[in-house]
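Chemist:
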Amino acid sequence: MERVPDIHEKTFRDPDEATAEAAGLAWLAEAEETGGTRIARVLDHPQPTVLHLERIADGSPTRAQAERFGRSLAHTHAAGASHWGAPSPGFPTSGGLRMGRSRTPFTSTADAPASWGAFFAEYRIRDFVRRIVDRGGFDAAEAAVFDRVADRLEDGTLGSPQPRLVGDAPARIHGDLWAGNVLWPRDSSEPTGAVLIDATPHGGHAETDLALLALFGLPRLETVLAAYDAESRLADGWQERVELHQLAPLLLHVYLFGGSYTDHALRAARRYA
10 MERVPDIHEK TFRDPDEATA EAAGLAWLAE AEETGGTRIA RVLDHPQPTV LHLERIADGS
70 PTRAQAERFG RSLAHTHAAG ASHWGAPSPG FPTSGGLRMG RSRTPFTSTA DAPASWGAFF
130 AEYRIRDFVR RIVDRGGFDA AEAAVFDRVA DRLEDGTLGS PQPRLVGDAP ARIHGDLWAG
190 NVLWPRDSSE PTGAVLIDAT PHGGHAETDL ALLALFGLPR LETVLAAYDA ESRLADGWQE
250 RVELHQLAPL LLHVYLFGGS YTDHALRAAR RYA
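For the record, in the sequence shown the residue sitting at position 214 is 223 according to our numbering, with numbers rising by one throughout.
Right under this line is the structure:
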């Protein structure tokens, strides 16, 4: 008899958030056909604000699991996206292409920036900095630091190639790939090493996902990154760009929580301003 999966019930504040999460997980799961990392399944959508998700028994990763995850993540990214900032197909548009309580913005085809730098500058730096300033989180001098980084992103100074398998196109990134959203099945035979949850997927730079893995400490991170690089060669100097890509999650955390994240974001921004 086929085993019935354990269920994790997740409740959202509004129906659009539940729809966006289900659509995003389904979009990432499409990459499994070409070797991408396995995504936790949406089993049911019983109410507008409720999803039933597959529950994964999370454990500590073996070295082999970490290697498989690094290789499979490279193939998730290589599945690509239609444009910079593209949300998943089926993403609800009633909220103006923004997601969750952070109101993280995405882009339509008509508004798609021409480069990753232009996308990251406007939709991951300036958008959040404007809202943080409005709340009193940054003063004018502090906001100017981020504006200088955004200028350098837009003119291409801080740009870099995607990993080899991705090529010149936007990568299909998870978008919220901190350690807590990477589950390591206790059955370590999982072919892709890990299972991913709670995504904010969009068309972006693959290095953004890798930088977020490093931000809060992923177990066996060095093994994951080495396996990724072996599968899909990273552009030279990627280690020097980690904090640049971390500006996206740091600014989101400044907006939501403030506190020590404010100083952390400013320190990172000054490095690239």
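Backbone N, C-alpha and C define an ideal beta-carbon position, used for all residues, glycine too.
1) Provide the residue span of the beta strand (DSSP E) that contains E151, from first to last.
2) Looking only at its chain, what residues have a beta carbon closer than 7 Å to the beta carbon of P210, apart from the 5 residues adjacent to it on each side?
3) Do L162 and F129 have their beta-carbon atoms positioned less than 8 Å apart in this structure?
4) Over the uninterrupted alpha helix (DSSP H) stretch that includes P55, give me the two end residues.
5) Straight-line CA distance for F266 to A152?
6) How long is the line joining the alpha carbons of P70 and D196, rounded to whole angstroms?
7) Going by the CB atoms, is the gap between V233 and A75 shorter than 8 Å?
8) Are G89 and F115 touching if we call contact CB-CB under 8 Å?
9) Cβ of G146 within 8 Å of Cβ of V263?
10) Could you pull the DSSP bridge partners for G126 from this structure?
11) Under a Cβ-count criterion, where at least 16 other Cβ atoms within 10 Å of its own Cβ denotes burial, should S241 be classed as buried or exposed?
12) What's the call for S103, buried or exposed, on a 16-neighbour Cβ count within 10 Å?
13) For I65, does the three-state DSSP call read helix, strand or coil?
14) Start and end of the beta strand (DSSP E) containing R22?
15) Out of L253, L62, L186, A27, which one is the CA nearest neighbour of V51?
16) If the criterion is Cβ atoms closer than 8 Å, does the pair G283 and A236 meet it?
17) From the DSSP secondary-structure annotation, give me the bridge partner or partners of T28.
18) So which of E41, A49, T58 has the shortest CA-CA distance to A83?
19) Can the beta-carbon of A31 be found less than 8 Å from the beta-carbon of V154?
20) Only counting the same chain, and skipping five residues up and downstream in sequence, which positions put a Cβ closer than 8 Å to that of R22?
21) Taking the C-alpha atoms as reference points, what is the distance between E199 and G126?
22) To test your reading of the DSSP string, which unbroken beta strand (DSSP E) runs of 3 or more residues are found completely within the stretch 156-230?
23) Let's test the definition: count the other Cβ atoms within 10 Å of the Cβ of D25 and tell me whether it reaches 16, buried, or not, exposed.
24) Using only CA atoms, which one of L260, Y132, T201, L222 lies nearest to A49?
25) Under DSSP, the alpha helix (DSSP H) around R80 begins and ends at which residues?
26) In the DSSP output, which residue or residues are listed as bridge partners for T9?
Modeler: Per the coordinate set shown:
1) From DSSP, E151 is part of no beta strand (DSSP E) but of the alpha helix (DSSP H) over 149-163.
2) G33, W36, L37, S97, R181, I182, H183, G184
3) yes
4) Not the alpha helix (DSSP H): P55 falls in the beta strand (DSSP E), residues 51-56.
5) 17 Å
6) 10 Å
7) yes
8) no
9) yes
10) Answer by DSSP bridge pairing: none, since G126 is not bridged.
11) buried
12) exposed
13) coil
14) Counting along the chain, R22 falls outside any beta strand (DSSP E), and DSSP gives it neither H nor E.
15) L62
16) Nothing in the structure corresponds to residue 283, since the chain is present only between 10 and 282.
17) DSSP, once it has assigned bridges, lists no residue as partnering T28.
18) E41
19) no
20) T58, R110
21) 36 Å
22) 180-182, 211-213
23) buried
24) T201
25) 72-87
26) Residue 9 is absent from the structure shown; the chain starts at 10 and stops at 282.
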